[in-house]
Amino acid sequence: MPLSQEKKKEMFWMMLLSRRVDERAWVLHRQGKIAFHISGIGQEAAQVGAVYALKKGKDWLVPYYRDLAMMLALGMTPTEFMMSLMGKAAEPTSGARQMPSHFSLRRANIVSHSAPVATQSPHASGIAFGIKMDGSDAAVLTCIGEGATSQGEWYEAVNFAAVHTLPVVFLVENNQYAISEPQEMQMAVNSAADKACGLGLPGIQVDGTRVFEVYETVLGGIENARKGEGASVIEAKMYRLTPHSSDDDDRSYRTREEVETHKEQDPILLAKEQLIEEGLLTEEDYEKLEEKAKTVVDEAVKAANEAPYPKGNEAAYPVYAGEEVQHG
Amino acid sequence: MAEITLVEAIRQAMDEELARDENAFVIGEDVGVRGGVFRSTVGLFDKYGPERVVDSPLAELTIVGVGIGAALYGKHPICEIQFADFIFPAFNQIVSEAARMNYRSNGDWTVPMVIRAPYGGGIGGGLYHSQSVEAFFAHVPGLKVVIPSNPYDAKGLLKSAVRDPNPVMFFEPKKGYRLIKGEVPDDEEYTVPIGPAKVSREGRDLTVFSYGMMHHYALQAAETVAGEGIEAEVVDLRTLYPVDRETILKSVKKTSKALIVHEDNLTGGYGAEIAATIAEWGFMDLDAPVRRLAGPDVPGVPFSHPMQNWFMISPEKIADAIRDLAAF
Amino acid sequence: MPTKVIMPKLGESVVEGTVTAWMKNEGEKIEEYESLLEVNTDKVTTEVPSPAAGILLKILVPEGETVAAETVLAWIGEPGEALPEADETPEQDHEPHETPDAESITDEPVMVRPAGRDQDLGYISPVVARLAREKNVDLAKVPGRGMNGRITKQDVLAYLKDHKAEAEVPIWETPADGDLFRPTEMVFGKQKDAPQAPSTETVGPGETLPLSPMRKRIAEHMVQSKRTAPHVTTVMEADMSRVAAHRQAEKGRRQGLNLTYTAYFLSAIISGLKTVPLANSSWTDEGIRLHKQVNLGMAVALPDGGLIVPVIRNADELSLSGLARRVNDLAERARAGKLSPDDVQGGTFTLTNHGTKGSLFATPVINQPQSGILGAGMIQKRAVVIHDAIAIRPMVYLSYTFDHRILDGASADSFLAAVVQSLENWPDP
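Protein sequence lines, in the order shown, are assigned to chains A, B and C.
The opening residue of the first sequence carries number 1 in the numbering used here; numbering runs sequentially from there.
The opening residue of the second sequence carries number 1 in the numbering used here; numbering runs sequentially from there.
The opening residue of the third sequence carries number 1 in the numbering used here; numbering runs sequentially from there.
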């Protein structure tokens, strides 16, 4: 199903909003107002393109920590994200128990994940297993960086999904670096998608800087899953434009020239150009979107600033479902 | 009332829970057609089919990781780890994921899952088919750790575990699978709650705290020394975490002497927690130092019979320890 | 080597005791555990059993003399056996012992020191130490049947079973907050700088009555209370007609229940405390502590002089007949000297029924650390004016002494008015 003009403009807006929210997080960190940020800058096309292939409220997302644009596109508000950066009580991923960007949003079928990489992959297979047991036509999308595909947990998850023909798409957001280690230190194949064939699944590569291409590719995987034709591995390749996290300095392992070169392939610029070419966007429209994004981000920061912190003793629960922790 | 074996009680519990709860399913290695290497799932495959009695890949991480995902989706997986010795590939999934899910999502996501694993030595299993692993898990808030010692409790506790909204580690004393027999109501639905310990023999002179196979032996030892005029109270802890401190301290108050028995090795073993509990809250009731009778601090249970016997705790060794403490 | 007989120190609170009677004379034979002397400590009299068999060689402390705990009272040994040198027998002159230093305290795991015995008791387990303290067991008397003769919990329990009466805990061992007879040095610390009373020598010839331990405790406590709290007494009168009628009716109805006026007064106090909770409080440096429980003390005069204040705990949870039963029970046991430590602890307010001997009103002294005490005078028929007519009514004066640090006149009168209100409006039987 081709994307409507409105859908395309909406996707561009989500990318732009995510970028501006993400950039503000860096600013807040450099101002000393937040303790930590891990960025998705440069991956907005892959993220927005992929989640627009999902049916909201029906399909499931098992994300990883760079998927800010996915979160925003599926309904996490900029204020909620800002609150999670600041460790405010009302942030919805964990009640400020987890570090920022360790996402979860129950109301949108987005499952909580942890920091050890690839631990979420078997959960995606398990959810898909449940969907299959129920005979439902829902599907699961799970994301991971290319470095984490070195983990046994990822292989086991993909293998189980392949064995049981499960409705899940394993999206690898290959941003070419795992902190400092480039792709060639992670794998001897050209693409994480190549790993799929050894496990009996289709492996597809897509240009991760092109939002509408990613959309088409992931939609294909999701529709196959929905039809009961099983899982697939999709690698969307792009470039991590920022350091790994606010604690990282990427000048120690890559040149500025390399980074600057890739900025020419910034997915926001590429999407903007395409929309202008297709006559869906003017410079004037774009300026309006920028202004709108700035207003949204300003308001989000303000609201998050004013939100209360959790009380220290809220840390005592919930250890068990439906119970409070027993002390001593 | 019918007298059945421990393993049959466990099988019945799963059979009844699968029948009661359409979301419950069994997953593990060889649990399907084969009916489990210990035959604890015999007949379930024929009755409930391959979708609810699932032969997993030979990968413990997969069993648990997929189980977690299915539980997040709303299923109630009963995961079987073939031997407790093989649980460590899944350790990360159990400790980092299952145990923390409810807490880290502020109660949004829960993992209603049981992980069953036969444990313990004395069966000629050598280093990797004899281990006791409870101490690793009884340290982890968010998990519940249960070890039954008889068919009645095994059936009632396993049914409670399946119904519990939290991840429950269910360790089964495999030496007792067919050795331990007991009466179980055959026409009456019952459960045994997770949490409370049980005074299984009243006594005056000292209390033996144990669980699983060692509790079975402790009862035998108590019977032996009763002929010598020593009245040993025997407490079956049943749930190791969260532990029933009230019953422990009540018994210590009564007898003023405590012997803790487990076959897991001594240092950092579960008995240390019981000893510390007694020292901290029952000190003024003590008439003798708290004693621990535990496996020796060697890296495993050896294969050859003389060495295995040297390692293993027996009813005779427990009786000797009781005599020793009673004489203090 | 002769064996010492010492003044027993049976609890942290006990600092001295008086030898009231020797049951053996010097040179007489005595068995181990046989009663040797009688000791009076504060208000309880106990017999001290002999620590050894032999001859009572020498009595060092005569009858009537008060000495510090652990003072050597006598020696027991073989006939003709020489006594230790004077310098080995500390306190020949019966001066109080010095406080044991910290080291000797840590050396002794048991609070109950075996009378007259110095032998090592062996390892004392926590539960044995606790039982000995709680049940007042002299561990030196308990035969040890554990490993290497260790005294086990079972040994103590067996001993207790055989020596039930002996093991009763004397009241003075665990004194209560506000217990009239609590040693003041415990409550207030040493009062070395207390001003000296003027000498009585200047008054002229007279007789000095020796102070009983109880007399001393009462004196110390009364002085201390007056020194601590600014006492103010306010008086109101109450018409007891309705109470008298109720009592008369109940007496006819409930045979066997001795329904005294005391129960009615206590009940009225409870009403007053509910109206003015501040009256159920204690002064502390941190602030005024409002008590959640209503524990009412009632002063009971003892047959041999002195008085004691047993406490009805959670009195506000009792019915009138419940109060009456507790009053009678406590009064009887107080007069028989059979109160337990619990019976005299934890009072939050006190009633003194001084009217029984004809007193109309009084200015009672507060039982520290409480904030007030209510005195009930004699109930007598008086002519009172009701609706501009003279009527004859059974009247009583109620004297309420309160701690002016906590209450002011207005709040105190509110309390007292509520008590009066409760008595005057007593429901029909």
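We put the beta carbon where it would ideally sit given N, CA and C, even for glycine.
Cβ of residue i within 7 Å of any chain C Cβ
| i | result |
| --- | --- |
| Leu286(B) | yes |
Buried versus exposed, by CB contacts within 10 Å (16 or more), residue i
| i | result |
| --- | --- |
| Gly176(B) | buried |
| Gly147(A) | buried |
| Asp287(B) | buried |
| Met169(B) | buried |
| Thr208(C) | exposed |
| Leu339(C) | buried |
| Gly149(C) | exposed |
| Asp46(B) | exposed |
| Ile432(C) | This structure leaves residue 432(C) out entirely; chain C is present only between 1 and 429. |
| Trp426(C) | buried |
| Ser4(A) | exposed |
| Gly206(C) | exposed |
| Lys164(C) | exposed |
| Gly279(A) | exposed |
| Asn258(C) | exposed |
| Pro364(C) | buried |
Residue i versus residue j - alpha carbon distance
| i | j | result |
| --- | --- | --- |
| Ser132(B) | Asn159(A) | 30 Å |
| Ala53(A) | Thr255(A) | 36 Å |
| Glu149(A) | Ala118(A) | It should be noted that the sequence gives Thr, not Glu, for residue 149(A). Thr149(A) and Ala118(A): Cα-Cα distance of roughly 7 Å. |
| Pro96(C) | Thr3(C) | Here Pro96(C) scores only 43 on pLDDT, less than 50, and its place in the model is too uncertain to base an answer on. |
| Lys292(A) | Phe91(B) | 47 Å |
| Thr79(A) | Gly95(A) | 14 Å |
| Tyr128(B) | Arg251(A) | 48 Å |
| Ala334(C) | Asp413(C) | 32 Å |
| Glu250(C) | His404(C) | 39 Å |
| Gly322(C) | Pro165(B) | 50 Å |
| Val235(C) | Ala362(C) | 9 Å |
| Asp285(C) | Ile406(C) | 12 Å |
| Glu280(B) | Gly80(C) | 54 Å |
| Ile110(A) | Gly32(B) | 32 Å |
| Val19(C) | Val61(C) | 7 Å |
C-beta neighbour in chain B for residue i, strict 7 Å
| i | result |
| --- | --- |
| Ala321(A) | yes |
| Ser104(A) | yes |
| Ser399(C) | no |
| Gly312(A) | no |
| Glu156(A) | yes |
| Gly95(A) | yes |
Proximity test, Cβ basis, 7 Å: residue i and chain A
| i | result |
| --- | --- |
| Ile68(B) | yes |
| Lys253(B) | no |
| Leu329(B) | Coverage of chain B is limited to positions 1 through 328, which leaves residue 329(B) absent and any answer about it impossible. |
Within 7 Å, strictly: CB atoms of residue i and residue j
| i | j | result |
| --- | --- | --- |
| Pro308(A) | Gly107(B) | no |
| Ser18(A) | Gly69(B) | no |
| Lys153(C) | Val127(C) | yes |
| Val184(B) | Tyr211(B) | no |
| Asp244(B) | Pro196(B) | yes |
| Lys159(B) | Glu17(B) | yes |
| Gly272(C) | Ala418(C) | yes |
| Ala59(B) | Ile81(B) | no |
| Val146(B) | Phe137(B) | no |
| Asn314(C) | Gln345(C) | no |
| Gly49(A) | Arg240(A) | no |
Between the segment 139 to 169 of chain C and chain B, which residues of the former have a C-beta closer than 7 Å to a C-beta of the latter? Taking 7 Å as the cut-off between beta carbons, the residues of the segment 139 to 169 of chain C near chain B are Gly146, Met147, Thr152, Lys153, in sequence order.
For the segment 103 to 120 of chain B, enumerate the residues whose C-beta is nearer than 9 Å to any C-beta of chain A, in chain order. Using a CB distance below 9 Å, the part of the segment 103 to 120 of chain B facing chain A consists of Tyr103, Arg104, Ser105, Asn106, Gly107, Asp108, Trp109, Thr110, Val111, Pro112, ordered along the chain.
So if I threshold CB-CB distances at 7 Å, which residues from the segment 119 to 136 of chain C count as touching chain B? Taking 7 Å as the Cβ-Cβ cut-off against chain B, the residues of the segment 119 to 136 of chain C that qualify are Ser125, Pro126, Val127, Val128, Arg130.
If you measure beta-carbon to beta-carbon, which residues of the segment 23 to 53 of chain B are closer than 8 Å to chain A? Closer than 8 Å at the C-beta level to chain A, one finds these residues of the segment 23 to 53 of chain B: Phe25, Glu51, Arg52.
Using a Cβ-Cβ cut-off of less than 7 Å, list which residues of the segment 114 to 128 of chain A approach chain B; keep chain order. Residues Ser114, Pro116, Thr119, Pro122, His123, Ala124, Ser125, Gly126, Ile127.
Using a Cβ-Cβ cutoff of 7 Å, what residues of the segment 292 to 304 of chain A are near chain B? List them in chain order. Residues: none.
What residues from the segment 72 to 87 of chain B come within 7 Å of chain C, judged by C-beta to C-beta, listed N to C? Here the close residues number zero.
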